[in-house]
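Input: a single structure, listed below in C-alpha cells.
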Amino acid sequence: MTRMRYAEALNRALHEEMARDERVCVIGEDVGIYGGVFKVTKGLRERFGDLRVRDTPISEQAMTGLAIGAAMVGRRPVLEIMYIDFLTLCLDQLVNQASIVHYIWAGQASLPFVLRTQGGAGAGAAAQHSKSLDALVAHVPGLKVVAPATPADASGLLVAAIRDPNPVVFLEHKLLYNTTGEVPEGDHVVPIGQAHVAREGTDITIVASSKMTLDALAAAETLAAEGIDAEVVDLRTLRPLDRETIARSVRKTNRALVVNEGWTTGGFGAELSAVIMEDAFDWLDGPVRRLGTADRPIPYSLPLEQAAVPDAAAITRAARLTLAG
Amino acid sequence: MTRMRYAEALNRALHEEMARDERVCVIGEDVGIYGGVFKVTKGLRERFGDLRVRDTPISEQAMTGLAIGAAMVGRRPVLEIMYIDFLTLCLDQLVNQASIVHYIWAGQASLPFVLRTQGGAGAGAAAQHSKSLDALVAHVPGLKVVAPATPADASGLLVAAIRDPNPVVFLEHKLLYNTTGEVPEGDHVVPIGQAHVAREGTDITIVASSKMTLDALAAAETLAAEGIDAEVVDLRTLRPLDRETIARSVRKTNRALVVNEGWTTGGFGAELSAVIMEDAFDWLDGPVRRLGTADRPIPYSLPLEQAAVPDAAAITRAARLTLAG
Amino acid sequence: MRNAPSAEDIARMYRQMLVVRAVEEQLAVLHRQGKTRGPIHTCIGQEAAGIGATAPLEREDVVTSTHRGHAHFVGKGLDLRRVLAEIFGRVTGYCRGRGGHMLVASAADGLLGGNGIVGGGIPIALGQAFGFQLDGSRRVAVAIFGDGAAQEGTCHEAMNVAGLWKLPMVFFCEHNLYGLTVHARYQSSVPDLHVRAAGYGMPGVMVDGNDLLAVHGAMRDALDRARRGDGPTFVEAKTYRMTGFSTSDMGGYQPEEEMREWAARDPIARTRALLATMLDESSLEAVERAAAEEVEAAFAQAMADPFPDAAELDAPEYAVAEARP
Amino acid sequence: MRNAPSAEDIARMYRQMLVVRAVEEQLAVLHRQGKTRGPIHTCIGQEAAGIGATAPLEREDVVTSTHRGHAHFVGKGLDLRRVLAEIFGRVTGYCRGRGGHMLVASAADGLLGGNGIVGGGIPIALGQAFGFQLDGSRRVAVAIFGDGAAQEGTCHEAMNVAGLWKLPMVFFCEHNLYGLTVHARYQSSVPDLHVRAAGYGMPGVMVDGNDLLAVHGAMRDALDRARRGDGPTFVEAKTYRMTGFSTSDMGGYQPEEEMREWAARDPIARTRALLATMLDESSLEAVERAAAEEVEAAFAQAMADPFPDAAELDAPEYAVAEARP
Ligand SMILES: Cc1ncc(C[n+]2csc(CCOP(=O)(O)OP(=O)(O)O)c2C)c(N)n1
Ligand SMILES: Cc1ncc(C[n+]2csc(CCOP(=O)(O)OP(=O)(O)O)c2C)c(N)n1
Ligand SMILES: [Mg+2]
Ligand SMILES: [Mg+2]
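Here the protein sequences line up with chains A, B, C and D, keeping their order.
For the first sequence, the positions run 1 to 325 when the numbering used here is used.
For the second sequence, the positions run 1001 to 1325 when the numbering used here is used.
For the third sequence, the positions run 2001 to 2325 when the numbering used here is used.
For the fourth sequence, the positions run 3001 to 3325 when the numbering used here is used.
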C-alpha cells in the first residue's frame, strides 16, 4: 500500500498500463507536453513518446471518433476529455457509433477504449464546467460507465477499463484529484460492475458514487453521533449497475437515500430509485429519497453554488428526512 | 373539429403560426423545397418565402446554434432535426448554451425556439434512426420537452411551443404521422406542462407518452376484456412534468406501470418510477413497474426489433404482472 | 503517371458496377412489391465513383462507408449474398440482420462499415489511420462521404487532424449534387469542395466521378501518397444520383433536364464504351451475363435465408474478449 | 481606404486597452491572494486585438465572446464595475453573479455573451446574423474566437452557412499561438487560418493583431462589407498571450525566447508610441491616470458589493415572458 493522491493513482495506472501493453495510447487536449490540466497524464509523453501520447487539437467530436477507429484496428486508446461538460460534443460518436459496434456488427469488432473525463461542482467553475452528466452516458447500452471515489478504486478501475474490450466512460471528479488514500501495490484491478459497501450500517442505506460517496461517509459520521447507523453503498460502476449489492443493503436497512451529483430530475438517482422500487419494494419502510443537484444551470457565485449542489450536510438532512418519511 | 393526420395537424399549426407571427421562421434539412421528409413543413416555403423557410446544410450543431442566436435577437425559429438520433449532435448547443441563457443571464434574454424532431422504432430504420432519446433532454434544466400522442395535442402543443419564450424540444414519432384524429378549429392551444387522463380506470395507472400512449390505450381495451380497468395518463409534456396528475391517478388506482419507448435503464421511465415513489408511496399496493425498450442498440431485423420495443401486447403483459406484483 | 489498369482490371470493375446497378434495380422492384423494409439508398449513376474508389484498395485497407454503400461493399469484395441477407434482415447477413441496409460491416474485408449518420464515419476513419500510423503499417483508411456530409463539423475536424498528423488516409467525397433532396447550391458555400483541402495542408483533387479510370487513377495516387507517409488527400468525384434519394423518395426536386444531361453520362454506358475498345462484344456480353447471374443467385439465396430468432435480441450487450478486423 | 481613426479615437481605445491590462493584472494579484474563485483567463498582450475588434462596433451590433473576454467587454462598452462584480460573484454583476468570469453577458450592450465552451459561441453569432438578415437591419454579429476554437466543427459549419447565405457576420480569430497550453503547430494543419476562408466563399484577411490600427481597419472593412449585404469576412489577428493560459496555469510551455520576442511587440507600448506622435506627454499621462482611476474605483465598488442570497438559486427555471437584447 502507498498513500497517494487520486490524480497520482490515475497517473500511476496510466504509466503501468502503457508500459505493460504497447497498444495503449493516450490522446487528448494538453495531455502531452503539459501533462494534462489536472496532471493525470504527467510524464507519459516523456516516457512513451509523442506518437503514443498525443496532444490533440480542440476537436472533441473527431477525437472520440479517433478513439473508436483506433480501437477498431487494435489500439487501446485512452482519450481525455477535459471536462464532462464537453461530453455533449462526444455524444454522437458515443451513442451512434461506439455503443453500437459490438452488438450491431454481431461481434465482428470490439472497441477497447477509455474516455476519461472529470465533472462536478464546487470549484467555482460555473455552468459550463461544473456539471455531472453521468445520466447521459449511463443510459446508453454498450457503454460502460465508472465513477470511482477513492484513489485505490480510481487506479484499479482505470486498469480494468483499459483492459476491457468495450468503450468505458471513466468519470473523475475535480474535487477528488487532491484527496489521498492507500493504493495497493502490484497488479491492482477493481472489476467493473461491482459496487462496494463503503460503510456498514443498519438503519438506512445511502447509495452514492464519486465525490458523493465521500460526502455520504462524512454524513454517516454525523448521523452516527445522532444514533443513526447508516450504510453507504459506493457504486463505483454506474453501468452495468450492481443491483444485487444495492438490493441486499436496502433489504437489510429498509430505508434508502440515493445521492447523485447530477441534476435531480431525470438524473441517475432516478434510476437508483426505480431499481430499489423494483428489487426491494417489499422491504421498504418508507419511500426512497433522492438527492441531487438543484434543477438549475449551476450558478457561479459561491452561496448559489453551495445551495445548488449536495454536500455532507445536505446528505445528513436528507437521511434524517428519509427516516422520517 | 376536423379529422386529420398527425403530420397534417403539425403542418396546419406551422402555417397558422407563421401567418400569425412574422417572427416565426422554419429551418432545417429538406424543410423547404421538399417540404420535409415527413412532409410536416409542406407548402410553407411557397407561402412564406425562402428567407423564412430555409433549407439548411447538413450541420446540426450550427443549426441548433443558429436557432439560439436567432431567438436571442427576436426571431421565433422552429428547427427541424430530421431524426431524434441526431439530437446527439445538437446536445452541446442545447445543454451548454440554450438551456443556460435565461437563468444564468438572470433574465436578460429569453430563447423562444422550438426544436422539432421525431423518434421511435418500428419502421425498420435500424440502430441510428429508431431511438427515443427523450431522457437526454428531459434531464436538462431550462429546456421544455413535449411528446404529443394525438393530432389534436400535436397541433395544440406545437402552437404553445412556438409561443413559449423558452427552448422547447418537440418530440414527434415516425409511426404517429399517419395516425388520424379530430383537431379543434380556431386558436387551439394545449398548455405545456399538463398531463391528461386519456382513459379513466380504477385498477391500475399506466403512464405513457407519444406513441406508447396509443399502445397503452389499446392494451387497456384488452385488459378491460379481462376485467381489469386501467387508467391511462398521457403525459404530453415530459419536462416540466405534471407530477400532480400522475400522483392523483396512482393514489386512486394504487398500482402503476410506467411505459416509455426509450431504453429502460436510465430512461425517462426511471424518472416516472421515482416520482411515483416520492409522491404516492403510501398508496402503492405493489412496486411500480417499468417498461421500456430492451437495453440494446435497436436491431434492424423485424423479429429482433419487435422483441426489443414495447407494444400494446407488451404493455398488456406488463400490466398483468404489475397487478400480480 | 502509373500504369493504367489492364483490360482485365477494367472488365472486373465493369462487372462490379453492373452488379451494383442490378442489385439496386432489383431492390427498387422489391421495394415496390413491399418486400423490403426501411429506406434503401441507391447509387444508380454513381457506380464509377464507388467502384473506382474501392477497387484499387488492398484487402487490409479499410473503408468507412455511408448510407449509400452498395458500390463500396462490392468494390471492397464483400460476398453479395451476405450483403443482401443483411439488407433483408437474415441471420446469414454480415451482421446477422442486426445492422440492416445502412449498417453493413465486414471486418474481414475491411469494410468498417456502412453508416447512417451523415459524416459519422469520417472521424472513425481518422482513428483507423492513426492506428495504422502507430503500427507503422502501410494500410490506408478511406473515408467515403457525400457532398452533404462535407458540411458536417466532423469532416472539418478530421481533415485538420489528418493534415496535421500526416495520417495515411483518403477523404473520398462523392459529390452527387444533392444532400437528400436539397441541391448543393443550397448546402455548400463553394461549388467545388476539394478547394477546402488547401486549408488543411493536404492536396485536393477533383475528378469526373463518372469516369471510372479517372477515379481509379486519382485514388491510386492518393493511396500511394498515403503509403509513402506523405499524408492524406482529398478526392472529390463529381457524379450524379440518377434516381431518388432512397426508395421512399417522393421525387419532384431533380429537374428533368438535369436528369437527362446526366443520363447521357451514365458511367455504365461509358465504361462499356471504353471496354469495347479493348474487348470484343461477346466478351463484354459474357461479363454482363456473369454479373446478372451473380446477382440473381445472391438474391435467391439471401431471400431464402432464415430470419434470426427473436431470442437473439438478448445477445450480449458487451464484448467479453477482444475481436478485431 | 477609409479615414483613419482620429487621435481622439485612438486615445479612447488606448485607454480601453489600459483598463483591460490593469484589470487583469489586478485580478492576477487578487488570485494570488486567494480572493478570486475559479479560473480567470487574461488577455495580456492581446489588448489591441480585443479592443480593435470591438471598439469599431455600433451599440446594436452584437458580439459572442470567449473565456478570455475582458477586452471585448470593455471594447463593447460594458460597465466595468458590473463586469468585476460578476467576476466576484456579486449580485450587482451583469448576471447577478450567476455567470461568473466566463459567462458575462450584457444584453443591453450587445455582448451576448462570454462563453466557456470553445467554439460554442460561433453558431450563436451565426443565428444572430441570420436574424439580422431576416430583419433587413444593418446590425452585424461578430463571433470572436481563438485559434484553438477554429479547429472545432462548429467553426466550419458556421463558416459554410455564413458564406452560403451571405450573412452579416464577422469571424474574428484571435490567433495567439496557443490553445490552452498547446502550441498552434500541434493543433492546426496550417499556420494561417484565414486561408480557410476561401473554402467558404468569403474573404480571409490577416492582420498584425498587436497593431491597433491594423485590427481596427480590418474590422471596419469587414463591418462595411457585412452592412452592404456582401456577406461575412474572416479576420485573423496574429497576437500573443504574454502570460499563462489562466490564473491556474502552471506554466513551463511558453519558451522564454518567444515570450521575449513578443514582449517587444507589447500592443500597449506600441499604441502609446503611436499616440505620442499625436498627443503630448501630459495628455498621454492623463489618459493613463484616468484608466488607472477607473479600474481602481471599479474594483473598490465591485468588491464591496453584496453576494446574492442563497435563496436566489430558486429563481425561475423558465422565462415567463419574452426578454431580449
Ligand atoms: C447527422 C445526420 N443528419 C442528417 C441525416 C439525414 N440524411 C441522410 S442522408 C442525407 C443526405 C446526405 O447527403 P450526402 O452526404 O451528399 O450523401 P448522398 O445522400 O448524396 O449520397 C441526410 C440529410 C443523417 N442521416 N445524419
Ligand atoms: C469545447 C471545449 N473544449 C475544451 C475546452 C478547454 N479549453 C478552454 S480554453 C482552451 C483553449 C482555447 O484555445 P483558443 O481557442 O486558441 O483560445 P485562447 O485560450 O488561446 O484564447 C481549451 C482547450 C473548452 N472550454 N471547451
Ligand atoms: Mg450528395
Ligand atoms: Mg489561442
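The C-beta atom is built at its ideal place from N, Cα and C for all residues, glycine as well.
Inset, instruction - Please compile the residues from chain C whose C-beta is within a distance smaller than 7 Å of the C-beta of D/H3156. - result: For the purposes of this step, residue 3156 of chain D is taken as residue 156 along the fourth sequence, with counting starting at 1. G2153 and H2156, listed in chain order.
Inset, instruction - Could you spell out where the alpha helix (DSSP H) holding C/A2331 opens and where it closes? - result: Nothing can be reported for residue 2331 of chain C: it is not among the residues displayed for chain C, which extend from 2001 to 2325.
Legend entry - Pair within 7 Å by beta-carbon distance, B/I1162 and B/E1017: Here residue 1162 of chain B corresponds to residue number 162 of the second sequence, with the count starting at 1. Here residue 1017 of chain B corresponds to residue number 17 of the second sequence, with the count starting at 1. Against a cut-off of 7 Å, the Cβ pair of B/E1017 and B/I1162 comes out as a contact.
Legend entry - Proximal residues of chain D, C-beta to C-beta of A/Q61 below 7 Å: By 1-based counting over the first sequence, the position of residue 61 of chain A is 61. The answer, in chain order, is G3153.
Legend entry - Check: C/N2176 C-beta below 6 Å from any heavy atom of ligand 3: In the third sequence, counting from the first residue as 1, residue 2176 of chain C sits at position 176. Yes.
Inset, instruction - Can you check DSSP and say which residues form a bridge with D/L3111? - result: Looking up residue 3111 of chain D in the fourth sequence gives position 111. D/L3111 pairs with D/V3063 and D/S3106.
Legend entry - DSSP bridge partner residues for C/Y2178 (one or two, in chain order): Position 178 of the third sequence holds residue 2178 of chain C. The partner list for C/Y2178 (beta bridge, DSSP) reads C/H2183.
Legend entry - Minimum Cβ-Cβ distance from B/T1303 to chain C less than 7 Å: If you number the second sequence from 1, residue 1303 of chain B lands on position 303. Here the sequence assigns Pro to residue 1303 of chain B, which means Thr is not the residue at that position. Chain C contact via Cβ: present.
Inset, instruction - Give a yes or no on contact between the stretch 219 to 227 of chain A and the stretch 133 to 143 of chain A, applying the rule of three or more CB pairs nearer than 8 Å. - result: As far as the Cβ criterion goes, the stretch 219 to 227 of chain A does not touch the stretch 133 to 143 of chain A, which means the pair count is below three.
Inset, instruction - Just confirm the distance between the C-beta atoms of A/S209 and A/R248, as a whole number of angstroms; I'd bet it's less than 8 Å. - result: Numbered from 1 along the first sequence, position 209 holds the residue referred to as residue 209 of chain A. Numbered from 1 along the first sequence, position 248 holds the residue referred to as residue 248 of chain A. So it is not a contact: roughly 17 Å between Cβ atoms.
Inset, instruction - Tell me, please, whether the CB atom of B/I1298 is closer than 7 Å to any CB atom in chain C? - result: Reading the second sequence from its first residue, position 298 is the one you call residue 1298 of chain B. Residue-level contact by beta carbon fails for B/I1298 and chain C, as no gap is shorter than 7 Å.
Inset, instruction - Could you tell me whether the Cβ of D/E3008 comes closer than 7 Å to any Cβ of chain B? - result: Along the fourth sequence, read from residue 1 onward, the residue named residue 3008 of chain D stands at position 8. It does not; no Cβ of chain B falls within 7 Å.
Inset, instruction - Using a threshold of 7 Å, state whether the C-beta atoms of B/E1111 and B/I1068 are closer than that. - result: Reading the second sequence from its first residue, position 111 is the one you call residue 1111 of chain B. Reading the second sequence from its first residue, position 68 is the one you call residue 1068 of chain B. Position check: residue 1111 of chain B holds Leu in this sequence, whereas Glu was assumed. Contact: yes.
Inset, instruction - Entirely within the stretch 219 to 281 of chain A and at least 3 residues each: give me those beta strand (DSSP E) ranges in chain order. - result: Listed in chain order, the complete beta strand (DSSP E) runs (minimum 3 residues) inside the stretch 219 to 281 of chain A are 230 to 234, 237 to 239 and 256 to 263.
Legend entry - Local conformation of C/G2146 per DSSP, three classes: As a first step, residue 2146 of chain C is located in the third sequence; it is residue number 146 there, counting from the start. Here C/G2146 sits in strand by DSSP.
Legend entry - DSSP-derived helix/strand/coil call for D/Q3046: The sequence position of residue 3046 of chain D within the fourth sequence is 46, counting from 1. The answer is coil: DSSP assigns D/Q3046 none of H, G, I, E or B.
Legend entry - C/M2278 - DSSP class collapsed to helix/strand/coil: By one-based count along the third sequence, residue 2278 of chain C stands at place 278. The answer is coil: DSSP assigns C/M2278 none of H, G, I, E or B.
Inset, instruction - Count the other CB atoms, across all protein chains shown, that sit within 10 Å of the CB of C/M2001; report buried if there are 16 or more and exposed otherwise. - result: By one-based count along the third sequence, residue 2001 of chain C stands at place 1. At C/M2001, the pLDDT of 40 sits below 50, so the modelled position is not reliable and the matter cannot be decided from this model.
Legend entry - Cβ of A/G124 within 7 Å of any chain D Cβ: For the purposes of this step, residue 124 of chain A is taken as the residue at position 124 of the first sequence. Answer yes: the Cβ-Cβ gap between A/G124 and chain D drops below 7 Å somewhere.
Inset, instruction - Give a yes or no on whether the minimum CB-CB distance between D/V3118 and chain C is below 7 Å. - result: Mapped onto the fourth sequence, residue 3118 of chain D falls at position 118. Closer than 7 Å: no.
Legend entry - A/D30: CB within 6 Å of a non-hydrogen atom of ligand 4: Mapped onto the first sequence, residue 30 of chain A falls at position 30. No, the Cβ of A/D30 stays beyond 6 Å of every heavy atom of ligand 4.
Legend entry - For B/C1090 and B/T1064, believed in contact at Cβ under 8 Å, the rounded distance: The residue given as residue 1064 of chain B occupies position 64 in the second sequence. The residue given as residue 1090 of chain B occupies position 90 in the second sequence. Confirmed, about 4 Å.
Inset, instruction - Quick one: measure Cβ to Cβ for B/H1102 and D/Y3186, integer angstroms, because I've assumed they're closer than 8 Å. - result: Here the question's residue 1102 of chain B lines up with position 102 in the second sequence. Here the question's residue 3186 of chain D lines up with position 186 in the fourth sequence. For a cut-off of 8 Å, the C-beta gap from B/H1102 to D/Y3186 is around 38 Å, too long to register as a contact.
Legend entry - 8 Å contact criterion, which B/A1312 and B/A1219 should meet: CB distance rounded: Within the second sequence, residue 1312 of chain B is the residue found at index 312, counting from 1. Within the second sequence, residue 1219 of chain B is the residue found at index 219, counting from 1. Between B/A1312 and B/A1219 the beta-carbon gap is near 5 Å, inside 8 Å, which marks them as a contact.
Legend entry - Coarse secondary structure for A/F170, derived from DSSP in three states: On the first sequence, position 170 is the one that residue 170 of chain A refers to. Secondary structure of A/F170 (DSSP, three-state): strand.
Legend entry - D/M3259 in three-state terms, based on DSSP: The residue labelled residue 3259 of chain D in the question sits at position 259 within the fourth sequence. Correct three-state label for D/M3259: helix.
Inset, instruction - Determine which residues of the stretch 3252 to 3268 of chain D have a Cβ less than 8 Å from any Cβ of chain F, and write them out in chain order. - result: The structure shown contains no chain F; its protein chains are A, B, C and D.
Inset, instruction - Could you tell me whether the Cβ atoms of C/R2196 and D/G3199 are closer together than 7 Å? - result: The residue you call residue 2196 of chain C lines up with position 196 of the third sequence. The residue you call residue 3199 of chain D lines up with position 199 of the fourth sequence. Yes, Cβ-Cβ distance for C/R2196 and D/G3199 is below 7 Å.
Inset, instruction - Would you kindly report the start and end of the unbroken alpha helix (DSSP H) that includes B/Q1061? - result: Walking along the second sequence from the start, residue 1061 of chain B turns up at place 61. Its alpha helix (DSSP H) spans residues E1060 to M1072.
Inset, instruction - Can you give me the Cβ contacts of A/L66 inside the same chain, cut-off strictly under 7 Å, excluding the 5 residues immediately before and after it? - result: Locating residue 66 of chain A in the first sequence gives position 66, counting from the first residue. Sequence-distant partners of A/L66 (beyond 5 residues in either direction) whose C-beta falls short of 7 Å from its own C-beta, in its chain, are I27.
Inset, instruction - Express the C-alpha separation of B/E1022 and C/T2271 in angstroms, rounding to a whole number. - result: What you label residue 2271 of chain C is simply residue 271 of the third sequence in a count that begins at 1. What you label residue 1022 of chain B is simply residue 22 of the second sequence in a count that begins at 1. In a straight line, the C-alpha of C/T2271 is about 54 Å away from that of B/E1022.
Inset, instruction - Keeping to the same chain, check which residues put their C-beta closer than 6 Å to that of B/V1189; ignore five residues upstream and five downstream. - result: Position 189 of the second sequence, counted from the first residue, corresponds to residue 1189 of chain B. The residues G1156, V1159 and A1160, in chain order, have a CB closer than 6 Å to that of B/V1189 in the same chain once the five nearest residues on each side in sequence are set aside.
Inset, instruction - Name the residue from C/D2147, C/P2168, C/A2273 and C/D2314 whose alpha carbon lies nearest to the alpha carbon of C/Y2240. - result: For the purposes of this step, residue 2240 of chain C is taken as residue 240 along the third sequence, with counting starting at 1. Of C/D2147, C/P2168, C/A2273 and C/D2314, the residue nearest in Cα terms is C/D2147.
Inset, instruction - With distances taken Cα to Cα, identify the nearest neighbour of B/A1070 among D/S3246, D/A3315, D/G3127 and D/G3034. - result: Looking up residue 1070 of chain B in the second sequence gives position 70. Comparing Cα positions, the closest option is D/G3127.
Legend entry - Nearest residue (CA-CA) to B/R1317, options B/T1222, B/L1010 and B/R1243: Residue 1317 of chain B sits at position 317 when you count from the first residue of the second sequence. Selected option, being the one with the closest Cα: B/T1222.
Legend entry - Under the three-state DSSP convention, the category D/M3001 falls into: Locating residue 3001 of chain D in the fourth sequence gives position 1, where the first residue counts as 1. A caution first: D/M3001 carries a pLDDT of 40, below 50, which makes its placement in the model too unreliable to give a value.
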